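Right, one structure below, let's go through it.
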Amino acid sequence: MRILGWVENVALMPEGIVLEAKMDTGATTSSLNALNKETFERDGKEWIAFDMIDPNDESNMIRLEREITRHVRIIRHSGNHQRRPVVEMGLCMGDVYRKEEVSLIDRTALSYQLLVGRNHMAGAILLDSRDKYLQAPDCDLD
1 MRILGWVENV ALMPEGIVLE AKMDTGATTS SLNALNKETF ERDGKEWIAF DMIDPNDESN
61 MIRLEREITR HVRIIRHSGN HQRRPVVEMG LCMGDVYRKE EVSLIDRTAL SYQLLVGRNH
121 MAGAILLDSR DKYLQAPDCD LD
């Protein structure tokens, strides 16, 4: 098991985009800031194209495309329901690489573009809630 802090740099794979991410044991699944979402069909399957803020230059956007694996209904703190698309993404934290379901939502008003939920951490990561940036992403996918 790897020990990570409550905030870590995480690489989205295969693109290798490194984001600051908040580890959240209160969230079951992970979520990613996704703007300008557009769904489309490819090979008979539902896909989504979306923009994310470039972590190296906040004035730029990075366009990503993923197949939608499902939709999830989230109950917000206000009691309202929200339907979100879910995609599969590779996440690299330290030397731990896992493909994970990630819900797409506008997180622009929040401090971190990526929230990593406990499903991703289970069985591989211990969380030190006192510290940050304990492991840099270092996954070899070859």
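27 is the number that full-length UniProt numbering gives to position 27 of the sequence shown; each next residue is one higher, with no gaps.
Using N, Cα and C, we set each Cβ at its ideal position, and we do this for glycine too.
Keep in mind that this is a model prediction, so the values were computed, not measured.
Can residue i and residue j be called in contact, C-beta distance under 7 Å?
i, j, result
"Met1", "Leu127", "no"
"Pro137", "Ala11", "yes"
"Leu4", "Gln135", "yes"
"Ile62", "Asp54", "yes"
With DSSP as the reference, label residue i as helix, strand or coil.
i, result
"Ile120", "Correcting the residue type first, residue 120 is His in the shown sequence and not Ile. In the structure shown, His120 sits in a helix (DSSP, three-state: H, G or I)."
"Thr29", "coil"
"Trp47", "strand"
"Gln135", "coil"
Nearest to residue i by alpha carbon, out of the options?
i, options, result
"Leu110", "Glu15, Ala21, Val10", "Ala21"
"Arg73", "Arg84, Glu46, Phe40, Glu65", "Arg84"
"Glu41", "Met121, Gly79, Gly90, Glu67", "Glu67"
"Leu32", "Glu38, Ala124, Gly94, Val86", "Val86"
"Ala122", "Ser103, Asp131, Thr108, Tyr97", "Tyr97"
"Thr28", "Val102, Lys132, Tyr133", "Val102"
"Lys99", "Glu46, Arg76, Thr69, Ser59", "Thr69"
"Gly90", "Glu38, Leu19, Glu46", "Leu19"
On the premise that residue j lies in contact with residue i, defined as a C-beta separation below 8 Å, what is that separation, rounded to the nearest angstrom?
i, j, result
"Cys139", "Met23", "With 8 Å as the limit, Cys139 and Met23 do not qualify as a contact, their Cβ atoms being about 17 Å apart."
Between residue i and the ligand ADP, is there a pair consisting of the residue's CB and a ligand heavy atom that are separated by less than 6 Å?
i, result
"Gly5", "In terms of ligand content, the structure shown is empty, and the ligand ADP therefore cannot be addressed."
Take the Cβ of residue i as the centre, count every other Cβ of all protein chains shown within 10 Å, and call the residue buried at 16 or more, exposed below.
i, result
"His120", "buried"
"Gly79", "exposed"
"Glu16", "Sequence inspection shows Gly at residue 16; the Glu mentioned does not correspond to that position. Gly16 is exposed by the Cβ-count criterion."
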